[in-house]
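Numbering (the UniProt record's numbering), first residue to last: 1 to 348.
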């Protein structure tokens, strides 16, 4: 029997069995800062610390992985990348404060723009096929119409880096997490700050919208997920501690499950409401997990770290774990609700 002494709470549930074959690791020649999955195809893009952008197809069996494009895209580290909704364009942001729009079909830079006196970019989020949000090192949140050369709005409500940007399904509200401990909600159409949380004594590092748009989970550097009710961003409604280190990245995979990347190198599946660790999908061998992304068909999680590898993880075992827990819970309730006579009969 394996001892659990000294084991952190998040690992007591164990490793999630990989039920189906996953693509092989993709090995890059420089540290990976960000990755993005194409919304319609088996294509993944990586932004590297040397400024290059590398695109691969991925697959299992004979399909395998294949490098599509390797671009000397930025002179400075590429810090944020994302595909447009259709996958036609790839947006990239770098330490040089320049946003480039790459045409995936023609392998060419379609457009480039930057903000006068703009700071290095830290995060990027598409809103629709023309609108884009970026987060800067000094706390600015900038809205762009990439058909124009200048921003359509710039917000200065934070004093530290904008770690993550998330937009809700109807494209009305943009959420921004910051290293200064604030969660900010922006009205995109009204171009104004809608609400801001109280200041937390920790860095807010990532965010995800779940439960049909009614809840927001925020990863922090104090080993916890802070949970907000949608529209009630002033303070948290719940808090789920238990990670052994900072929760550096996350992706929502279903209505009640998120996958997190932690500084201990493990990729974990976390169920919310009820709050519990389902287990961990795998590890980057002690290197901090920098990014986790969901593939377009929701079959795999792609993760990256400073081990210079993109790894893939099978998600098909998660539903079985949830269903097993439901069965166990029902059986426990059945035992607890037995008539008194049945209880004593079991002791006979």
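From the three backbone atoms N, C-alpha and C, an ideal C-beta is built for every residue, glycine too.
If you're wondering where the values come from, they're calculated on a predicted model, not measured in any experiment.
Contact between the segment 79–91 and the segment 121–130 is present, with at least three C-beta pairs closer than 8 Å. Annotation: the continuous beta strand (DSSP E) that includes residue 126 extends over 121–126. Within the segment 178–257, the complete beta strand (DSSP E) segments at least 3 residues long are 183–187, 192–196, 204–210, 215–220, 224–229, 238–241, 247–252, listed from N- to C-terminus. When only Cα atoms are considered, residue 253 and residue 104 end up about 26 Å apart. In this structure residue 257 is in contact with residue 269, their Cβ atoms being roughly 6 Å apart against a cut-off of 8 Å. Here DSSP, grouped into helix, strand and coil, assigns residue 320 to helix.
Looking at the DSSP output, residue 304 sits in a beta bridge with 291, 310. Excluding sequence positions up to five before and after residue 275, its CB lies within less than 6 Å of the CB of 240, all in the same chain and listed in chain order. Straight-line spacing of the CA atoms in residue 85 and residue 39 works out to 7 Å. When the Cα atoms are used, residue 211 and residue 255 turn out to be separated by approximately 5 Å. Looking at the DSSP output, residue 15 bridges to 280. Residue pairing by DSSP places residue 24 in no beta bridge whatsoever. With distances taken between CA atoms, residue 238 lies nearest to 218 out of 248, 245, 218, 222. DSSP places residue 113 within a strand segment (E or B) once states are collapsed to three.
Closest in C-alpha terms to residue 88, from the list 221, 180, 129, 134, comes 129. DSSP, read as helix, strand or coil, puts residue 79 in strand. Rounded to whole angstroms, residue 35 and residue 286 show a C-alpha spacing of 19 Å.
Taking 8 Å as the cut-off, the beta carbon of residue 15 is found no closer than this to the beta carbon of residue 181. Residue environment for residue 320: exposed (fewer than 16 other C-beta atoms within 10 angstroms of its C-beta). Counting the other Cβ atoms within 10 Å of the Cβ of residue 208 gives 16 or more, which makes it buried.
The Cβ atoms of residue 198 and residue 231 lie no closer than 8 Å to each other. Using a 10 angstroms sphere on the CB of residue 68, the tally of other CB atoms stays under 16, which defines it as exposed. A check of alpha carbon separations from residue 222 across 138, 185, 263, 151 identifies 263 as the nearest.
For residue 133, the uninterrupted beta strand (DSSP E) segment begins and ends at 131–136. In its chain, beyond the 5 residues on either side, 51, 96 have a beta carbon closer than 7 Å to the beta carbon of residue 75. Here the alpha carbons of residue 60 and residue 117 stand approximately 46 Å from one another. Rounded to the nearest whole angstrom, the CA to CA distance from residue 145 to residue 248 is 29 Å.
Around the beta carbon of residue 192, fewer than 16 other beta carbons lie within 10 angstroms, which makes this residue exposed.
The C-beta separation of residue 143 from residue 153 comes to about 4 Å, placing the pair in contact by the 8 Å criterion.
Under DSSP, residue 67 shares a beta bridge with 56. With a cutoff of 8 Å on beta-carbon distance, residue 92 and residue 44 are scored as not near each other.
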